[in-house]
Structure formats: structure tokens, C-alpha cells
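Comments concern the structure below.
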Amino acid sequence: MSEVSMESRIHAHIDSLFSGIAPDARVSEVKMELYMNTVDRYHDLLTEGKTPEDAFRGATERIGDVQEILASVGVPVAPQKQVNSDKKKNNPKGKTRKKILRNQGCHIITMLMLCLYFILSFATSAWHITWLIFLILPAMENVYCAIIDIVYAKAPDTPYVADPETKKLHNNLSGAIWLIVLIVYFIVSFTFSHWHLTWLIFLLGSAAQSLMFILLTLLTRKEK
11 MSEVSMESRI HAHIDSLFSG IAPDARVSEV KMELYMNTVD RYHDLLTEGK TPEDAFRGAT
71 ERIGDVQEIL ASVGVPVAPQ KQVNSDKKKN NPKGKTRKKI LRNQGCHIIT MLMLCLYFIL
131 SFATSAWHIT WLIFLILPAM ENVYCAIIDI VYAKAPDTPY VADPETKKLH NNLSGAIWLI
191 VLIVYFIVSF TFSHWHLTWL IFLLGSAAQS LMFILLTLLT RKEK
């Protein structure tokens, strides 16, 4: 490995040591000084006859705890993780109950409208007209979202986190739903031989899964 590559490796190593510390001018100064000292130590070890790998290991092992180094020169340490945590508190992210109901409800509407579109299209062969259904879809979703906003207007906008038991129940129910969908698909398909339509059962299965998610969200009452 060339000296330039090894120095880049040293730089990356020191970057990783400072990854949990909020950057500022004084921290950057200490970081640069530490980098230069480590590179000098690396070259000294090479001069002593060490291999590049041994020299790298010997130079980096001499660095020690960067927080202790910063404290020794009077630089207050502000952990980056804590800064990020504060930002999350000030700008809460994640799914709220209202957002879950909006997203899953809109998904249900979309799946049902797709089913209606294909059923009407195959039944009437009026494909040049039935596509107009998709112009109605945004309006229906907007109405649904408006209703959710009204109902949850005074609800706290805090992230919703399901407990482990609810997550396990969700996974089990999802598996059961798709197993039932698959069984019904083959039974209906072989019975009526309408394979061009029976695949729509999978769209209904997706809608059923979203409905199940909505019900669990409403029933668990678990917020964090």
C-alpha cells in the first residue's frame, strides 16, 4: 500500500474516532493536529524498519481516547448522537396514528378502485371510458384524508410505536391473510376459469392487509 493510501487510511481512522462528537472549529483543530502527529509517528515507525501495517497499527494505538484528549485541552465534548436526539425531539419524525390511518386508508381506496376499473373494463370492454375512474381516485383519497384530519385534529402528533406483541400479531395475521388469498385465488380460478379476473383477489388481499393494520393501530393505543 502506498504512503498516500496509508495516510488516507489514517485520516479515515481518525474520522471514525470523532464520528460521535459534534464538530466545531476547536474540535477540527485538535483533529487535524492529531492526524499530523499520527502520520509523523507512522513515518517514524517506518524508518525504524516496521512494515506499513505494523507502523499503522503502532501509530493509531498511540492515539488513545479522543474525548480525554479534548478534555485535556479544555474543549467541551458535545456528543453528536445527543445533538441528533435533540433534533428529533424538536422535529418529531416517524409515523403517527393519523399518518398511518391516512396512508393505509388511501392504499385501500386505491386497491378497490383498481379492482373496480378492471371489473368494469372486462365486463363492458369500454376501456376508453373506464380509465376515467382514476380521475375520481384522487378526489376520494382527499376526502378520506380530510375526514381523518378532522377526527384527529386535536390528537397529539407523536410517533406511534406498536409493542412487540402487536408487531407479532400483525405478522401472523398478514401471513394468514395471504395464505387465505392464495387458497381463494386458486379455488375461484379453477372453478370459474376466469383467470383474467381472479388475479384481482391479490389486490383485495392487499387492501385487507391495510385494513387489518388500521384496526390494530386503532385498538392497541400504544404511543411513544
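Yeah, the sequence shown ends on 234 if you go by my numbering, and it's all consecutive. The beta-carbon is built from N, C-alpha and C at its ideal position, and this holds for glycine as well. Quantities reported herein were computed from a predicted structural model and do not represent experimental measurements.
Please check the pair residue i and residue j, which I expect to be a contact at CB under 8 angstroms, by giving their CB distance rounded to whole angstroms.
{"i": "L226", "j": "L179", "result": "7 angstroms"}
{"i": "T2", "j": "I73", "result": "Any property of residue 2 remains undetermined from this structure, which presents the chain solely from 11 to 234."}
{"i": "T230", "j": "A172", "result": "6 angstroms"}
Quick one: what's got a C-beta closer than 8 angstroms to residue i's C-beta in the same chain, skipping five residues either side?
{"i": "L130", "result": "A136, T140 and I143"}
{"i": "L221", "result": "Q114 and I118"}
{"i": "K91", "result": "Annotation note: pLDDT 47 at K91 (below 50); position unreliable, no value reported."}
{"i": "S184", "result": "Q219 and M222"}
{"i": "T208", "result": "Y195, V198, S199 and F202"}
{"i": "Y323", "result": "Coverage of the chain is limited to positions 11 through 234, which leaves residue 323 absent and any answer about it impossible."}
The alpha helix (DSSP H) spanning residue i covers which residue range?
{"i": "L207", "result": "W205 to T208"}
{"i": "R67", "result": "P62 to E71"}
{"i": "W137", "result": "W137 to T140"}
{"i": "D159", "result": "I143 to V161"}
{"i": "T106", "result": "Where T106 is concerned, there is no enclosing alpha helix (DSSP H), given that its DSSP letter is neither H nor E."}
{"i": "E58", "result": "Element bounds for E58: n/a, residue is neither H nor E."}
What residues in its chain sit with their C-beta under 6 angstroms from that of residue i, if we drop five residues either side in the sequence?
{"i": "T70", "result": "H23"}
{"i": "A65", "result": "Y52, L55 and L56"}
Please return the same chain residues whose Cβ sits closer than 7 angstroms to the Cβ of residue i, not counting the five positions on each side in sequence.
{"i": "L228", "result": "none"}
{"i": "L213", "result": "M121, L124 and C125"}
{"i": "L111", "result": "I158, I224 and T227"}
{"i": "M150", "result": "I119"}
ask   = Would you say the region 119-129 touches the region 141-148, given that touching needs at least three Cβ pairs under 8 angstroms?
value = yes
Validate contact between the region 59-66 and the region 25-35 using beta carbons, cut 8 angstroms, 3 pairs = no
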